[in-house]
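K.L.:
First the structure, which I've put down as C-alpha cells, then a few questions once you've had a look.
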Amino acid sequence: MFKPTALIDPYGQRTTFTYDPVNTTQLTQITEPGGRYIQLSYTTIGGLLRIDHITASDGLTVQYSYQTLALPFDTTALTGVTYLGDNTMKATYTYQPANVSPDNNFPLLATCDDPMYAGPKKKIQYSFATANADSTIPVAAGQLDSEKSGTTGVMVSQLVVHRLRSG
C-alpha cells in the first residue's frame, strides 16, 4: 500500500504527513512548510473509521456529524460540519436515494447548506439524471443533472450529456 509521508513542491517546500503508530494507515497530522498543522481525530461508526474532528495549530476546530440513513439500506453519511467550534457556523447535508438501480444503491447528496460559501451555492439542491437526452447513452450512477439555489430554486448549473462524434 502506498502511504505518502511528504509532499515537496517545485520550490523544495515540504508538507509532511504523520500516521498513527499503531494503525499505520490512519493519517493523524498534516504539517505545512511554515510549521502550521492540522490534527485529525477519528471515531468508529458502524465498524468504520471516520473523521470526528480536525484541530488546527491555532486551536480552531472543525467537528463532523454522521447519521445512519436507510436509503434503501442502512449506511452512515456525513450530515453536518460545525466550523470553528461555533454552532451558528454549521453546514448541513441531506441525502436522496440513488438515481440508478440496482447497480448503485448508495444515497446521493440532496441538499447542502454551508455558511462558509457565498452566493447562490451557499444553499444548494442537487438533482441526478434518470435519463439522457440521447436515450442510447446509459445514465451513470451518481450522474448529476442540475444544481439549484436552495433559496430561490433558480438553476445555477446543469450537465447535458451528448454522444461524442467520431471522425
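Reminder that position 88 of the sequence shown reads as 72 in this note's numbering, one-by-one numbering, no gaps.
All C-beta atoms in this analysis are idealised placements derived from N, C-alpha and C, irrespective of residue type, glycine included.
As the structure is a computational prediction, the values presented were derived from the model and not from experiment.
Taking the alpha carbon of Gln23 as the point to measure from, which residue in Glu16, Gln10, Ala40 and Thr120 has its own alpha carbon closest?
P.N.:
With distances taken between Cα atoms, Gln23 lies closest to Ala40.
K.L.:
With the cut-off set at 8 Å, would you say Thr59 and Phe90 are in Cβ contact?
P.N.:
The answer is yes: Cβ separation under 8 Å.
K.L.:
Tell me the rounded alpha-carbon separation between Thr95 and Ala102.
P.N.:
Each residue's Cα considered, the two are about 16 Å apart.
K.L.:
Grab me the residues of Thr45's own chain with a C-beta within less than 6 Å of its C-beta, minus the 5 sequence neighbours each way, in chain order.
P.N.:
Contacts found: His37, Thr39 and Gly69.
K.L.:
Once the 5 residues before and after Ala(-10) are set aside, which same chain residues still bring their CB inside 8 Å of it?
P.N.:
Hits under 8 Å: Arg(-2), Thr(-1), Thr0 and Phe1.
K.L.:
If you drop the 5 nearest sequence neighbours on each side, which residues of the same chain put their C-beta closer than 6 Å to that of Pro99?
P.N.:
Around Pro99: Met73.
K.L.:
Which complete beta strand (DSSP E) runs does the stretch 16 to 49 hold, if anything under 3 residues is left out?
P.N.:
Qualifying beta strand (DSSP E) stretches, in chain order: 21 to 29 and 32 to 40.
K.L.:
For Asn83, does the count of other Cβ atoms within 10 angstroms reach 16, so buried, or fall short, so exposed?
P.N.:
Buried, because 16 or more other Cβ atoms sit within 10 Å of the Cβ of Asn83.
K.L.:
For Gly168, which three-state DSSP category applies?
P.N.:
No answer is possible for residue 168: the residues shown for the chain start at -15 and end at 151.
K.L.:
When DSSP labels each residue in this structure, what does Ala61 get in the three-state scheme?
P.N.:
Three-state result, Ala61: strand.
K.L.:
Identify, in the order they occur along the chain, each residue of the same chain with its Cβ nearer than 8 Å to the Cβ of Asp118, setting aside the five sequence neighbours on each side.
P.N.:
Excluding sequence neighbours, Asp118 sits near Val145, His146 and Arg147.
K.L.:
Once you ignore the five residues that flank Glu16 on each side, which residues in its own chain have a CB closer than 6 Å to its CB?
P.N.:
Here the set comprises Thr(-1).
K.L.:
Excluding sequence positions up to five away, which residues of its chain have a Cβ less than 8 Å from the Cβ of Leu143?
P.N.:
Closer than 8 Å at the Cβ level, and outside the excluded window around Leu143, lie Ala113, Gln127, Leu128, Asp129 and Ser130.
K.L.:
With DSSP as the reference, identify every bridge partner of Ala(-10), one or two as the case may be.
P.N.:
Thr0, per the DSSP bridge assignment.
K.L.:
Between the alpha carbons of Gln10 and Gln109, how many angstroms are there, rounded?
P.N.:
Answer to the nearest angstrom: the Cα atoms are 33 Å apart.
K.L.:
Among Tyr21, Ala61 and Ile14, whose alpha-carbon lies nearest the alpha-carbon of Arg34?
P.N.:
Cα-wise, what sits closest to Arg34 is Ala61.
K.L.:
From which residue to which residue does the beta strand (DSSP E) around Thr76 run?
P.N.:
That run of the beta strand (DSSP E) goes Lys74 to Gln80.
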